[in-house]
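Undergrad: From first to last, the protein sequence lines stand for chains A and B. According to our numbering, the first sequence is numbered sequentially starting from 2. According to our numbering, the second sequence is numbered sequentially starting from 2. Note that CB positions come from ideal geometry on N, CA and C, so glycine has one too. Since we're looking at a predicted model, the values are computed, not measured. The structure is given below, and queries will be raised subsequently.
There are 2 protein chains.
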Amino acid sequence: MTAPERALRADARRNREAVLDAAGELFARRGDAVQMDEIAERAGLGVGTLYRHFADKQALLAAIIGRRFEAMTAMARAADEAEDPWVAFETLLYGYLESAQADAAFRFALLGPEEPSWNDIAAEKTDFSAITERIVRRAVGAGRLREDFRADDFVLITRGAMANMTGAGDWRRHLTLLLEGIRGPER
Amino acid sequence: MTAPERALRADARRNREAVLDAAGELFARRGDAVQMDEIAERAGLGVGTLYRHFADKQALLAAIIGRRFEAMTAMARAADEAEDPWVAFETLLYGYLESAQADAAFRFALLGPEEPSWNDIAAEKTDFSAITERIVRRAVGAGRLREDFRADDFVLITRGAMANMTGAGDWRRHLTLLLEGIRGPER
DNA sequence: CTCTAACGTGAACATGAACTCCGGTTCCGA
DNA sequence: TCGGAACCGGAGTTCATGTTCACGTTAGAG
Numbered sequence: 002m003t004a005p006e007r008a009l010r011a012d013a014r015r016n017r018e019a020v021l022d023a024a025g026e027l028f029a030r031r032g033d034a035v036q037m038d039e040i041a042e043r044a045g046l047g048v049g050t051l052y053r054h055f056a057d058k059q060a061l062l063a064a065i066i067g068r069r070f071e072a073m074t075a076m077a078r079a080a081d082e083a084e085d086p087w088v089a090f091e092t093l094l095y096g097y098l099e100s101a102q103a104d105a106a107f108r109f110a111l112l113g114p115e116e117p118s119w120n121d122i123a124a125e126k127t128d129f130s131a132i133t134e135r136i137v138r139r140a141v142g143a144g145r146l147r148e149d150f151r152a153d154d155f156v157l158i159t160r161g162a163m164a165n166m167t168g169a170g171d172w173r174r175h176l177t178l179l180l181e182g183i184r185g186p187e188r
Numbered sequence: 002m003t004a005p006e007r008a009l010r011a012d013a014r015r016n017r018e019a020v021l022d023a024a025g026e027l028f029a030r031r032g033d034a035v036q037m038d039e040i041a042e043r044a045g046l047g048v049g050t051l052y053r054h055f056a057d058k059q060a061l062l063a064a065i066i067g068r069r070f071e072a073m074t075a076m077a078r079a080a081d082e083a084e085d086p087w088v089a090f091e092t093l094l095y096g097y098l099e100s101a102q103a104d105a106a107f108r109f110a111l112l113g114p115e116e117p118s119w120n121d122i123a124a125e126k127t128d129f130s131a132i133t134e135r136i137v138r139r140a141v142g143a144g145r146l147r148e149d150f151r152a153d154d155f156v157l158i159t160r161g162a163m164a165n166m167t168g169a170g171d172w173r174r175h176l177t178l179l180l181e182g183i184r185g186p187e188r
């Protein structure tokens, strides 16, 4: 898809990076709500420059999200190194959620309804999913996760926790309830 | 707060109702995304009429949400009738979530960050919270919910489930995991 | 050093959606 | 039936934001 694109001029590459940094920080803090002018100002550039590097706001957002997903994949790979399957799972889960907490744009991309514009990210997402699947399978195999636990369930609980990251919600508490169940002793 | 406001003229009352119905249905289906012109058209009225009855879009939305909350409170009261504390809790939980599933505007109001504009609803919300608190306490007292379960946790798990109502998420599955915990037999 | 393709700029433009306004219409008490 | 206060309508206004474009600037090959 992406044409070979011969190397950028030095100033162009520098500015592209500046845009990515500025946008990354702002999106992380306030999600989709930040506006292009703001990003440009923060990067010390004109709006026009943003549009030279990214077709539109979606594309910029997608670039940022893609970047995060790569970091996430690396994190997942590291988690998978753990010998103990449960440790691997827990590491993955908390790593994922801590990233999500630190990045509103990331949450936004994952919580919102499926948008076709995230297609650029499909590859990175697939990588991550593959590792997640392996980790989940390991934990199930060792009897540390309930037998019918699937990779989809990871998405489920993850979305649930993220929904408790805005306002007064306490996502760690939410996870505790999930891990231990909410029922009392009497059955 | 609300002034006595002498009775509306017959046509005004009729139209107000039409607006509420149209807005209710549209908000329920598509949440905050519907636009005023659409609501007006659906109600068979001009936009001006909407603004005669409601100061702005927020106010209209708040009116709708308030209405839903009253229904919710009635539902909670009914759930509290059950002798079995667990049945009461489960009835409340599923009743709440089924309403949320049927109403995007309701979800929107509960999932989004706290907005000051919901203040009109504070009363209805308080009523509902009081009943929820009683039901939770009953279930905890009977040992059917873990001892440290609080009313806040109801909000937590409820938000979690609602986050799995858009797209492919399966909120019932999410609840099952919560109720039973996600761990396997090996500890 | 020179020349030019690539790049940067930001005022101007395009778009969309909330909201206003006032002439025309309707209800309803007397 | 009649007068006027209350109400309705919907084209037009306003505001916010994403996006473009004509022109000035600069990197970097030759």
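Enumerate in chain order the residues of its own chain whose CB-to-CB distance from A:T3 is below 7 Å, with the five nearest sequence positions on each side excluded.
TA: In this prediction, A:T3 has a pLDDT of 41, which is less than 50 and means its spatial position is unreliable; what the coordinates show is noted afterwards. Here the set comprises nothing.
Undergrad: Is there a C-beta anywhere in chain B that falls below 8 Å from the one on A:G96?
TA: Taking Cβ atoms only, chain B never reaches closer than 8 Å to A:G96, which makes this a no.
Undergrad: Taking Cβ positions only, does A:T3 come closer than 8 Å to chain B?
TA: The pLDDT assigned to A:T3 is 41, lower than 50, so where the model puts this residue is not dependable, and the model offers no usable value.
Undergrad: Who are the near neighbours of A:A217 in its chain, counting only those whose CB is closer than 8 Å to its CB and skipping five residues on each side?
TA: Lying outside 2 to 188, the shown extent of chain A, residue 217 of chain A is not represented and no answer is given.
Undergrad: Decide if A:P86 is buried, meaning its Cβ has at least 16 other Cβ atoms within 10 Å, or exposed.
TA: Buried.
Undergrad: Between which two residues does the alpha helix (DSSP H) carrying A:G161 extend?
TA: A152 to M163 is the extent of the alpha helix (DSSP H) around A:G161.
Undergrad: Any Cβ of chain A within less than 8 Å of the Cβ of B:T167?
TA: So, interface residue.
Undergrad: Would you decide whether B:P5 is buried or exposed? Buried here means 16 or more other CB atoms lie within 10 Å of its CB.
TA: Annotation note: pLDDT 46 at B:P5 (below 50); position unreliable, no value reported.
Undergrad: In the DSSP output, what is A:R184 paired with across the bridge?
TA: According to DSSP, A:R184 bridges with B:L146.
Undergrad: Looking at A:A80 and A:A89, is the spacing between their C-beta atoms short of 8 Å?
TA: A contact, by the Cβ cut-off of 8 Å.
Undergrad: Please confirm if A:V141 has its CB atom under 8 Å from at least one CB of chain B.
TA: Chain B contact via Cβ: present.
Undergrad: Can you give the beta carbon distance from B:E148 to B:V156, rounded, assuming they're within the 8 Å contact cut?
TA: So it is not a contact: roughly 18 Å between Cβ atoms.
Undergrad: Mind checking whether B:A162 and B:L180 have CB atoms under 8 Å apart?
TA: It is not a contact, given that the beta carbons lie outside the stated cut-off.
Undergrad: Rounding to the nearest angstrom, what Cα-Cα distance links B:I183 and A:D154 in this structure?
TA: Going from the Cα of B:I183 to the Cα of A:D154 covers about 9 Å.
Undergrad: Starting from B:G47, trace the alpha helix (DSSP H) in both directions and tell me its first and last residue.
TA: Taken as a continuous stretch (DSSP letters only), B:G47 belongs to no alpha helix (DSSP H), as it is neither H nor E.
Undergrad: Helix, strand or coil: how does DSSP classify B:R30 here?
TA: In the structure shown, B:R30 sits in a helix (DSSP, three-state: H, G or I).
Undergrad: Which bits of chain B does A:E150 rub up against, with CB to CB less than 7 Å?
TA: Position check: residue 150 of chain A holds Phe in this sequence, whereas Glu was assumed. I183, listed in chain order.
Undergrad: Output yes if chain B places a C-beta closer than 8 Å to the C-beta of A:R174; else output no.
TA: A:R174 counts as touching chain B.
Undergrad: Can you find the residues in the same chain that come closer than 7 Å, C-beta to C-beta, to B:G47, ignoring five residues on each side of it along the sequence?
TA: Excluding sequence neighbours, B:G47 sits near A41.
Undergrad: In angstroms, rounded to a whole number, what distance separates the CA positions of A:R139 and B:R160?
TA: One C-alpha to the other measures close to 29 Å.
Undergrad: Let me see if you follow: with CB-CB separation under 8 Å, is A:A164 close to chain B or not?
TA: Yes, contact with chain B.
Undergrad: Would you call the CB atoms of B:F107 and B:R69 closer than 8 Å?
TA: Taking 8 Å as the Cβ cut-off, B:F107 and B:R69 qualify as a contacting pair.
Undergrad: Quick check: the Cα distance between A:T133 and B:R14, rounded to an integer number of angstroms?
TA: Their Cα atoms are separated by approximately 57 Å.
Undergrad: Looking at the structure shown, is A:D171 part of a helix, part of a strand, or coil, going by DSSP?
TA: The answer is coil: DSSP assigns A:D171 none of H, G, I, E or B.
Undergrad: Is the Cβ of A:R160 closer than 8 Å to any Cβ of chain B?
TA: Yes, A:R160 counts as interfacial toward chain B.
Undergrad: Closest Cβ-Cβ distance between B:G189 and chain A: below 8 Å?
TA: Lying outside 2 to 188, the shown extent of chain B, residue 189 of chain B is not represented and no answer is given.
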